[in-house]
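Undergrad: Residue numbers (our numbering), protein chains in the order written: chain P, 1 to 209; chain Z, 1001 to 1209. Where is the CB? At the ideal position from N, CA and C, for every residue including glycine. Have a look at this one before I ask anything.
There are 2 protein chains.
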Amino acid sequence: MTPASTGPATGPRKRGRPARTSAADGPAARDRILTAARNEFAEHGYDKTSIRGIAKAAGVDPALVHHYFGTKEQVFEAAVELILAPAMGAPDAVHGSREGVGERMARFVFGVWENPVYRLPLLAVLRSALTNEAAAAVLRGMIERRVLLRMAGELDVPNPEFRAQLAAGHLIGIAMLRYVIRMEPMASAGMDDIVAMVGPTLQRYLTES
Amino acid sequence: MTPASTGPATGPRKRGRPARTSAADGPAARDRILTAARNEFAEHGYDKTSIRGIAKAAGVDPALVHHYFGTKEQVFEAAVELILAPAMGAPDAVHGSREGVGERMARFVFGVWENPVYRLPLLAVLRSALTNEAAAAVLRGMIERRVLLRMAGELDVPNPEFRAQLAAGHLIGIAMLRYVIRMEPMASAGMDDIVAMVGPTLQRYLTES
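In structure tokens:
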């Protein structure tokens, strides 16, 4: 760190703490840790990712990872929040006019899945949930609180949480066939063809009593 | 091996090859290998299962595993065929009267998933497909050939394979929420409540032009 000096070229001498010139700590370091965590979990999955590996990728001490986030599970939760962020707009797609809500939800969710920048980390999280119980619990809690409960709150039907999960389940399953198992013709089908069939299904689940 | 002997107690002396009294080879050994393969893949997944581990569990030489089945991928394919066998009745559920076919398919597929004896190995295969490309290719090929193509053959709608995959996708997604991520209320919902909503969806996919 370079101490502040006097004179016109660099401004008056500052009192107190020297200026931070290396991001060994502070909000920039926290962001680097979170980004590294997201990338590590996305690439290696929950089991094969360690606090040490995340710290190394972020160029920080492992103690700093614990300091900002806590346990491995809590780091994972923060990374999942980042990874799921694009999907958290789903309740907003459901908000508003009942007319066409099925199609809106389908187009929104597939819009996220169609983008490999969002899809690949999402698949990694799903993969982690399938192979690790702690990861499954994190994913479950986050989808429940941040997506499904909010979506159910927008619905005017009996058992709105059940209805929201029927709709979400349908989209998850199509996504599994299209993007994970890559079964034809679903893998190459046009989005309009899928939405033409799935939209009315979601419409019924989300609006019909 | 005990050579055949003469006398009334054990019957006349047989010519040729001595009777097999230990199943070191032969159809019984092949069955033991297949059972061991199913159990190993179900318990450890594709990546962590080896020909050596399967051979050990079956009490045979690894060379015998190669002899009967071929490569690791081919052993996996045989094991998957065994694990998927309960599900291969789905096309038969679709066979017959168009009336109620949606409900028939839903009840059949959930009937398989509701049984932990069938479900746990199925989940293990799904997990393997998610984490290993070779395993995904095996699962894809088997579901396509043995289930979906046959089901599509029973349908009298345009794009019957697409329709069969819409239906299968829906069921797979609900199964993910109910049995894997274990999200409430879907995880504890009554089967009749699920079928009441999903049956009419499948009916439309499988019969409506």
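In terms of residues, what are the limits of the alpha helix (DSSP H) holding N1039 (chain Z)?
TA: In the second sequence, residue 1039 (chain Z) corresponds to position 39, counting from 1. Where N1039 (chain Z) is concerned, the enclosing alpha helix (DSSP H) stretches over P1027 to H1044.
Undergrad: Distance, Cα to Cα, R1098 (chain Z) vs L126 (chain P)?
TA: For this step, residue 1098 (chain Z) is matched to residue 98 along the second sequence. For this step, residue 126 (chain P) is matched to residue 126 along the first sequence. Whole-angstrom Cα-Cα distance: 36 angstroms.
Undergrad: Give the straight-line distance between the Cα atoms of V1101 (chain Z) and R1038 (chain Z), rounded to the nearest whole angstrom.
TA: If you number the second sequence from 1, residue 1101 (chain Z) lands on position 101. If you number the second sequence from 1, residue 1038 (chain Z) lands on position 38. Taking the straight line from one Cα to the other gives about 32 angstroms.
Undergrad: If you drop the 5 nearest sequence neighbours on each side, which residues of the same chain put their C-beta closer than 6 angstroms to that of V75 (chain P)?
TA: Along the first sequence, one-based indexing puts residue 75 (chain P) at 75. These residues qualify, in order along the chain: A37 and F69.
Undergrad: Quick check on the burial criterion: 16 or more other C-beta atoms within 10 angstroms. Buried or exposed for G1215 (chain Z)?
TA: Because residue 1215 (chain Z) is not part of the residues shown, which for chain Z are 1001 to 1209, the question remains open.
Undergrad: Could you spell out where the alpha helix (DSSP H) holding E81 (chain P) opens and where it closes?
TA: Numbered from its first residue, the first sequence carries residue 81 (chain P) at position 81. Start and end: K72 to L84.
Undergrad: Report, in whole angstroms, the separation of the C-beta atoms of L123 (chain P) and V198 (chain P), which I expect to be a contact under 8 angstroms.
TA: As a first step, residue 123 (chain P) must be located in the first sequence, where it is residue number 123. As a first step, residue 198 (chain P) must be located in the first sequence, where it is residue number 198. The pair is not a contact, with the Cβ atoms about 20 angstroms apart (cut-off 8 angstroms).
Undergrad: Compute the Euclidean distance between the alpha carbons of I1174 (chain Z) and D1025 (chain Z), then round it to the nearest angstrom.
TA: Stepping through the second sequence from its first residue, residue 1174 (chain Z) is reached at position 174. Stepping through the second sequence from its first residue, residue 1025 (chain Z) is reached at position 25. Their backbone Cα atoms lie some 43 angstroms apart in a straight line.
Undergrad: Compile a chain-ordered list of the residues in the region 79 to 90 of chain P whose CB is closer than 8 angstroms to at least one CB of chain Z.
TA: Per Cβ criterion, the list is empty.
Undergrad: If the cut-off is 9 angstroms on Cβ atoms, which residues from the region 108 to 127 of chain P count as contacting chain Z, listed in chain order?
TA: Residues passing the 9 angstroms Cβ filter: L123, L126 and R127.
Undergrad: Using a cut-off of 8 angstroms between C-beta atoms, extract the partners of H1170 (chain Z) located in chain P.
TA: Along the second sequence, read from residue 1 onward, the residue named residue 1170 (chain Z) stands at position 170. G169, H170, G173, I174 and T201, listed in chain order.
Undergrad: So, are the CB atoms of L120 (chain P) and A57 (chain P) less than 8 angstroms apart?
TA: Residue mapping note: residue 120 (chain P) aligns to position 120 of the first sequence, counting from 1. Residue mapping note: residue 57 (chain P) aligns to position 57 of the first sequence, counting from 1. No, they are not a contact pair.
Undergrad: According to DSSP, is T131 (chain P) part of a helix, a strand, or is it coil?
TA: For the purposes of this step, residue 131 (chain P) is identified with residue 131 of the first sequence, where counting begins at 1. In the structure shown, T131 (chain P) sits in a helix (DSSP, three-state: H, G or I).
Undergrad: Report the option in P:L64, P:E73, P:R145 and P:R107 whose CA atom is closest to the CA atom of Y46 (chain P).
TA: Counting from one through the first sequence, the residue named residue 46 (chain P) turns up at place 46. Comparing Cα-Cα distances from Y46 (chain P) to each of P:L64, P:E73, P:R145 and P:R107, the minimum goes to P:E73.
Undergrad: Can you tell me the Cα-Cα spacing of T1049 (chain Z) and M1142 (chain Z), whole angstroms?
TA: Looking up residue 1049 (chain Z) in the second sequence gives position 49. Looking up residue 1142 (chain Z) in the second sequence gives position 142. Distance between the alpha carbons of T1049 (chain Z) and M1142 (chain Z) is about 20 angstroms.
Undergrad: Once DSSP output is grouped into helix, strand and coil, what is the label at R1098 (chain Z)?
TA: Position 98 of the second sequence, counted from the start, is the residue given in the question as residue 1098 (chain Z). Coil, per DSSP.
Undergrad: To the nearest whole angstrom, what separates the beta carbons of H1170 (chain Z) and H67 (chain P), a pair I think is in contact under 8 angstroms?
TA: As a working mapping, residue 1170 (chain Z) is identified with position 170 in the second sequence. As a working mapping, residue 67 (chain P) is identified with position 67 in the first sequence. Actually they are not in contact, since the Cβ atoms of H1170 (chain Z) and H67 (chain P) sit about 45 angstroms apart, beyond 8 angstroms.
Undergrad: DSSP three-state label for A196 (chain P), please.
TA: If you number the first sequence from 1, residue 196 (chain P) lands on position 196. In this structure, A196 (chain P) counts as helix in the three-state DSSP scheme.
Undergrad: Going by DSSP in three states, M186 (chain P) sits in which element: helix, strand or coil?
TA: Working through the first sequence from its first residue, we reach residue 186 (chain P) at position 186. Residue state, collapsed to three classes: coil.
Undergrad: Put L155 (chain P) into one of helix, strand or coil per three-state DSSP.
TA: Locating residue 155 (chain P) in the first sequence gives position 155, where the first residue counts as 1. DSSP places L155 (chain P) in coil when its eight states are reduced to three.
Undergrad: Which chain P residues sit within Cβ distance under 7 angstroms of T1207 (chain Z)?
TA: Along the second sequence, one-based indexing puts residue 1207 (chain Z) at 207. None at all; the shortest Cβ gap to chain P is about 13 angstroms.
Undergrad: From this set, P:A187, P:T207, P:N132 and P:M176, which residue's C-alpha is nearest F162 (chain P)'s C-alpha?
TA: To locate residue 162 (chain P), count along the first sequence from 1; it is residue 162. It is P:T207.
Undergrad: Taking DSSP as the reference, what is the three-state secondary structure of E1161 (chain Z)?
TA: Looking up residue 1161 (chain Z) in the second sequence gives position 161. The answer is helix: DSSP assigns E1161 (chain Z) an H, G or I state.
Undergrad: What residue does the alpha helix (DSSP H) around V65 (chain P) start on, and which one ends it?
TA: As a first step, residue 65 (chain P) must be located in the first sequence, where it is residue number 65. Unbroken alpha helix (DSSP H) run through V65 (chain P): P62 to F69.
Undergrad: Against chain P, with Cβ distances strictly below 8 angstroms, would F1162 (chain Z) count as a contact?
TA: The sequence position of residue 1162 (chain Z) within the second sequence is 162, counting from 1. F1162 (chain Z) counts as touching chain P.
Undergrad: Listed from N- to C-terminal order along the chain, which residues in the region 1182 to 1198 of chain Z have their beta-carbon within a distance smaller than 9 angstroms of any beta-carbon of chain P?
TA: Here the close residues are R1182, M1183, E1184, P1185, M1186, A1189, D1193, I1194, M1197 and V1198.
Undergrad: For chain Z, find out if any of its Cβ atoms is closer than 8 angstroms to the Cβ of A106 (chain P); answer yes or no.
TA: As a first step, residue 106 (chain P) must be located in the first sequence, where it is residue number 106. A106 (chain P) does not count as touching chain Z.
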